[in-house]
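K.L.:
Below you'll find the structure I mean.
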Amino acid sequence: MGSSVVSCIHHLKLADEYAKDFVRANPGTRGSAIFANYSLKLNWILRDVVTYPHFDDEVREGMRKEIASDAFSYDSLTEKLALLNPEQREELDGLLTDILRGKTIEIIIK
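See below:
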């Protein structure tokens, strides 16, 4: 599954989380009704993507896992990356590349 698809799903999920947050923070308002409707539409898009019949089962399963994941973990990782020094980021980049290639990683914390 391409990174553009993952990014799209991630941003749809974030938009839905923020819409729901607005509804919770402003119950009974006109804005709440509008954002509740937007949330329904965002969820329709996510359901439609994973049921698209021309994607193979592996792609649909990957999308389901992405949809079920924590939408805020991606941003949390990005914030932590910004705190690393250049050497640490380079080391982490190599580690992530190995993980994506399917290598088994053993981490020893000193």
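Sequential numbering of the sequence shown, starting at -12, is according to this note's numbering.
Where a beta carbon is used, it is the ideal one built from N, C-alpha and C, also for glycine.
#1: Can you check whether the CB of Ala2 is closer than 8 Å to the CB of Phe22?
#2: I'd like to check one pair, Arg76 with Leu68: are the Cβ atoms closer than 8 Å?
#3: How about Ala55 and His(-3): do their beta carbons lie closer than 8 Å?
#4: Below 8 Å CB to CB, which residues in the same chain sit around Ser26 once its five sequence neighbours on both sides are set aside?
#5: How would you call Glu53, buried or exposed, if buried means at least 16 neighbouring beta carbons within 10 angstroms?
#6: Helix or strand or just coil, what does DSSP make of Gly15?
#7: Following the continuous alpha helix (DSSP H) through Ile95, name the residue where it begins and the one where it ends.
#8: In three-state DSSP terms, what is Asn30?
P.N.:
In short:
#1: As a first step, residue 22 must be located in the sequence shown, where it is residue number 35. As a first step, residue 2 must be located in the sequence shown, where it is residue number 15. No, these two residues do not count as a Cβ contact at 8 Å.
#2: In the sequence shown, counting from the first residue as 1, residue 68 sits at position 81. In the sequence shown, counting from the first residue as 1, residue 76 sits at position 89. Contact flag set, yes.
#3: Here residue 55 refers to the residue found at position 68 of the sequence shown. Here residue -3 refers to the residue found at position 10 of the sequence shown. No; because the gap between Cβ atoms is not below 8 Å, this pair is not in contact.
#4: Counting from 1 along the sequence shown, the entry for residue 26 is found at position 39. Once the five neighbours on either side are set aside, the close Cβ partners of Ser26 are Asp3, Ala6, Lys7 and Val10.
#5: Stepping through the sequence shown from its first residue, residue 53 is reached at position 66. Buried is the call here.
#6: Position 28 of the sequence shown holds residue 15. Coil at Gly15, not helix or strand.
#7: Within the sequence shown, residue 95 is the residue found at index 108, counting from 1. Run containing Ile95: none; DSSP gives neither H nor E here.
#8: For the purposes of this step, residue 30 is taken as residue 43 along the sequence shown, with counting starting at 1. Looking at Asn30 - three-state DSSP - the assignment turns out to be helix.
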